[in-house]
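Residue numbers (full-length UniProt numbering): 1 to 102.
Where a beta carbon is used, it is the ideal one built from N, C-alpha and C, also for glycine.
What you are looking at is a predicted structure, and each value in this text was computed from that prediction instead of being measured.
Here's the structure we're looking at; comments come further down.
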């Protein structure tokens, strides 16, 4: 278990895993259209970035997904990665425009 996985195991809300991602769900509010924010990170900064971002998202009770281990981030940050998820570490799903702008 890597450092990121240890941090993810401490999340105290509804979560589920799918295709290398951990989905964190604070509410059922999901816009059919609207904002989706992406956070990228270098491998060396990932845990610190996750800690900062997760604290803010918890305060906002905002749904998000995060890669579920550092090996996945290493793969997605590879110069050979061409998928739509390349270089994405956290995806944030705000429930409103107001929440997205905060």
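Could you please give me the residues that DSSP links to residue i through a beta bridge?
| i | result |
| --- | --- |
| residue 15 | 24 |
| residue 91 | 38 and 65 |
Return the CA-CA distance between residue i and residue j, expressed in angstroms with no decimal places.
| i | j | result |
| --- | --- | --- |
| residue 103 | residue 80 | The structure shown does not extend to residue 103, since the chain is modelled only from 1 to 102, so the question has no answer here. |
| residue 8 | residue 35 | 24 Å |
| residue 42 | residue 28 | 31 Å |
| residue 45 | residue 86 | 17 Å |
| residue 95 | residue 23 | 15 Å |
| residue 14 | residue 58 | 12 Å |
| residue 53 | residue 40 | 11 Å |
So which of the options has the shortest CA-CA distance to residue i?
| i | options | result |
| --- | --- | --- |
| residue 105 | 95, 58, 67 and 59 | For the chain, the structure presents residues 1 to 102; residue 105 sits outside this window and is missing. |
| residue 10 | 37, 73 and 50 | 50 |
| residue 99 | 21, 91, 88 and 61 | 61 |
| residue 73 | 37, 102 and 89 | 89 |
| residue 101 | 21, 37, 84 and 20 | 37 |
Less than 8 Å between the CB atoms is what I'm expecting for residue i and residue j, so what's the real figure, rounded?
| i | j | result |
| --- | --- | --- |
| residue 63 | residue 25 | 5 Å |
| residue 2 | residue 70 | 5 Å |
### Task
Pick out the complete beta strand (DSSP E) segments inside the region 31-75, 3 residues or longer, and give them in chain order.
Whole beta strand (DSSP E) segments, 3+ residues: 37-39 and 63-67.
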